[in-house]
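Residue numbers (this note's numbering): 863 to 1476. Below: one structure, written as structure tokens.
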Amino acid sequence: MDHFTFGPQVCGALTPDAGAGREWLVTDGLGGHAAGTVSGLRTRRQHALLTVAADGTPHVALASLDLTVTLPSGAKVALHTHEWASGAVEPGGHRYLETFTLDRGLPRWRWRIGDVVIERELALRHGHPSLAVVHRVVSAPAPVGLAVAAMCTWRAADATRHAGGEPPSTEPVADGVVLAGAYRLAGPGWQPAGLWHLGVRTRADDTVEDLWLAGAFFQQAGAGESMEISAWAGTLGERPPPASAVIAAERERAHRLVTAAKAEGYGETLAIAADRFVVRTPAGPEVIAGYPWGGGAPGEAMTAYEGLFLDTGRADEGRELLIERTRAAVSVDAPRSGPDAVDFPLWLVHAVDRHVTRTGDSDLAAELAAPLGRLLRQRLNGTGPLAVDPADGLLRLTADPAGAARIGKPVEINALWVNALAAMGDLLTEGGYDDGEPRSRHARARTSFLAAFPAPEGWLYDVVEGPASTYPLGAGTHHDDPSLRPNQLLAWSLPHGPMRGQESAAIRTIGETLLTPLGLRTLAESEYGYQGRQAGGRDGTVWPWLIGPWADACAATGRPAEGLLTGLEAHLTEWGVGSVSESAEGEAPHRATGRPFAARSVAEVLRVRRGLCA
């Protein structure tokens, strides 16, 4: 399955459950992207046809191309849609949408006005900040007029721009214009304009901005004819290939991605979705955590590593990323604080271990084993948020950069720690080094884990030796938190997890209380503080990426996993079309929240699917 099609009942309804609540995304492989909704309505500040990664910061350039058709009768029909600060939706071009199709990752709209049918298809040219748009007259009794207005801006993707300031500068060039000195538009019949459109609202973030009508392209076209428009940044004097050639090349590239991943069924969709998060920077490959607001979160990138690289046939790129990440992490300038200071080094060791295990790359083990050892010593020496407790060899979180109440010894951090020590032993052995120290530390930490974390309730404590003031009940200097959460799954799911080989009723209880069609809740419904309708946090939100640890824990304990991904497969059509969302509400119907396109979610669903199909 490499395409999805929606009909007029979805496309023509501007509700969260229909066209305005389903989003599409294409990327340029450099950190830039194009994104919007099935209905064509911009609902976020980040929705635009050309967003450029300028100096490391995504900048919105071309907000929209507003299409108006002049019929053979002379009537003009606007096929675009905007919402205004007043709440009015005008014009209502979505009402003419017959279908929206995501075909091999590329969006295509088809409008029908009686016996006139118009299609629009677009793509970004991979490796270039360049947009290609093709309008086709599929059928018409006589030639029609196509007018495409360029609604422009130049601003940071998470900002807004208003008419009170200067409009984007314009420089006329052949068949188009250069705006803000940053990007260029080109196409047939260009006619400059220069007018602010005031009060354009994006409902998802309840933001109002003004857009600059730079001008419009015009062309007469009959059935079977097309109109092509290009927009690009970078080297503005260097024209990209024709828009139709770019679209054809991107279709072929999608085919190569699927072939490299050896994907079938909806695995094809996941392979294309995974590609959206891998970008090329001057320093090498990078991982975008999600869209429409991205960022390269190192911890999330390493959690997603196996699915994004090893399950898509991109081991060489992944190897490059691991080397660069390790080098950067041990440098004197590497940050020692922030959320990634907690678990990033442990996930990095895991990612390197999985790469070496799955590829047999002994050279990588030899190259990275020593630097990874230095990294763990640097990060766990007590000067950062994590430190080794000399009493039992487990990790204590002394300060929580994420602001959550996890002070003490969190279960997932210590599961990662036990896993990392065993992985370091394997990497040192593979690289030809002495593995004595991590082996002995692993044995001690695992023994301490098995003694400290099992709770009387039958599952694992979420945190042990935490301050009593953190919890609603309890007194004394320290407190063990028995809240039923999925963090403990890592103790079974990681390849060297401390509970591997240990039978426990905990897995059954987790499945009965936390598992949903879209992933696992972060807290059981029966627990204090559960809020199933709240987005984000640890209080009941569903995280799709946790389906990976759950599947691994099931495999480790002999539990069946048939049908595990059925809900997530269906979810590919529900919000970020062709992708998997970052999170969802804990209560049915589990409305998606967070980022519609999330790297960890896609990577873990892809990895689990491959394991189930193996």
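Cβ coordinates follow ideal geometry from the N, Cα and C atoms, glycine included. A quick note: this is a predicted structure, and the numbers were derived from the prediction, not measured.
7 Å Cβ shell around F1459 - same chain, five flanking residues per side excluded: Once the five neighbours on either side are set aside, the close Cβ partners of F1459 are L887, R1138, G1152, Y1153, G1438 and S1441.
Taking DSSP as the reference, what is the three-state secondary structure of F1206? Residue state, collapsed to three classes: helix.
Relative to the C-alpha of D1254, which residue among N1243, A1261, K1271 and R1239 is closest? It is K1271 whose Cα lies nearest to the Cα of D1254.
CA-to-CA distance, E1274 to A1337, given in whole angstroms: Interpretation of A1337 is limited by its pLDDT of 42, a score under 50 that renders its predicted location unreliable; no figure is taken from the coordinates.
Where are the alpha helix (DSSP H) runs, 4 residues long or more, that stay fully inside the stretch 1116-1204, in chain order? Runs of the alpha helix (DSSP H) lying entirely within the stretch 1116-1204, each at least 4 residues long, are 1128-1137, 1160-1165 and 1177-1191 in chain order.
Identity of the residue in R1303, D1343 and L1234 nearest L1289 by Cα: Its Cα nearest to that of L1289, the residue L1234 stands out among R1303, D1343 and L1234.
Inside the stretch 1235-1311 only - beta strand (DSSP E) runs reaching at least 3 residues: Qualifying beta strand (DSSP E) stretches, in chain order: 1248-1250 and 1257-1259.
Would you mind reading off the limits of the alpha helix (DSSP H) that contains E1466? Where E1466 is concerned, the enclosing alpha helix (DSSP H) starts and stops at A1461 to C1475.
So what does DSSP say about P934, is it helix, strand or coil? Judged by DSSP in its simplified three-state form, P934 adopts coil rather than helix or strand.
Limits of the unbroken alpha helix (DSSP H) element including Q871: Judged by DSSP secondary structure, Q871 falls within the alpha helix (DSSP H) whose first and last residues are P870 to C873.
DSSP puts Q1082 in a beta bridge; with which residues? Residue pairing by DSSP places Q1082 opposite G1007 in a beta bridge.
How many angstroms separate the CA atom of A1423 from the CA atom of V922? Going by the C-alpha atoms only, they are around 43 Å apart.
If you draw a straight line from the C-alpha of G1084 to the C-alpha of V1141, how long is it? Cα to Cα, the separation comes out at about 39 Å.
Chain-order list of residues whose beta-carbon lies under 7 Å from that of H1059 (same chain, five-residue window excluded): These residues qualify, in order along the chain: M1013, D1072, L1073 and L1075.
Helix, strand or coil for Q1364, going by three-state DSSP, please let me know. Residue state for Q1364 is assigned as coil, using DSSP reduced to three classes.
For Q908, three-class secondary structure by DSSP: Q908 carries a coil assignment under DSSP once its states are collapsed to helix, strand and coil.
Considering Cα atoms alone, identify which of S1445, E960 and A1417 is closest to D977. Answer by Cα proximity: E960.
Give me, in chain order, the residues of the same chain whose beta-carbon lies closer than 6 Å to that of G1175; leave out the 5 immediate sequence neighbours on both sides. So the qualifying residues of the chain are A1122 and A1123.
Which same chain residues, not among the five before or five after R823, have their C-beta less than 8 Å away from its C-beta? Outside the shown range of the chain (863 to 1476) lies residue 823, about which nothing can therefore be said.
Which residue from A1018, V1000 and A940 puts its Cα closest to that of V914? Comparing Cα positions, the closest option is A1018.
Would you mind reading off the limits of the beta strand (DSSP E) that contains L887? E885 to T889 is the extent of the beta strand (DSSP E) around L887.
Rounded separation between G1169 and S1224 - CA only: Rounded to whole angstroms, G1169 and S1224 show a C-alpha spacing of 21 Å.
Within the stretch 960-987, ranges of the beta strand (DSSP E) (whole runs, at least 3 residues): Runs found: 968-975 and 978-986.
Which residue's Cα is closest to the Cα of T1403: E981, S1443, D928 and G1246? Closest by alpha carbon: S1443.
Please confirm if the stretch 1312-1328 is in contact with the stretch 1341-1358, defined as three or more CB-CB distances below 8 Å between the two stretches. In short, these stretches touch, since the Cβ pair count reaches three.
Name, in chain order, the residues that DSSP records as bridge partners for C1014. Bridge pairing for C1014: L924 and W1074 [DSSP].
My assumption, with CB atoms under 8 Å, is that R1462 sits in contact with W1407. Please give the rounded CB distance. That belief holds up - the Cβ atoms of R1462 and W1407 are roughly 4 Å apart, short of 8 Å.
Tell me T1069's beta-bridge partners as DSSP assigns them. Answer is T1064.
To the nearest angstrom, how far is the alpha carbon of N1349 from that of W1405? Cα-Cα distance, rounded: 11 Å.
Should E1186 be flagged as near chain B, meaning a C-beta pair shorter than 8 Å? Any reference to chain B falls outside this structure, which holds one protein chain only.
Do you know offhand how far T1309's Cα is from N1276's? Rounded to whole angstroms, T1309 to N1276 spans 12 Å at the Cα level.
With distances taken between CB atoms, is the gap from R1181 to P1160 smaller than 8 Å? Taking 8 Å as the Cβ cut-off, R1181 and P1160 do not qualify as a contacting pair.
Residues in the same chain with beta-carbon distance under 6 Å from L1057, minus the five sequence neighbours each way, listed in chain order, please. In chain order, L1075 place their CB closer than 6 Å to the CB of L1057, counting only its own chain and leaving out the 5 sequence neighbours on each side.
Excluding five sequence neighbours on each side, which residues of the same chain lie with their C-beta closer than 6 Å to the C-beta of R1395? Answer for R1395: E1447 and E1449, listed in chain order.
CB-CB length for G891 against G989, believed under 8 Å: Right, their Cβ atoms sit about 5 Å apart.
To the nearest whole angstrom, what separates the beta carbons of V931 and I975, a pair I think is in contact under 8 Å? Contact holds; Cβ gap of about 7 Å.
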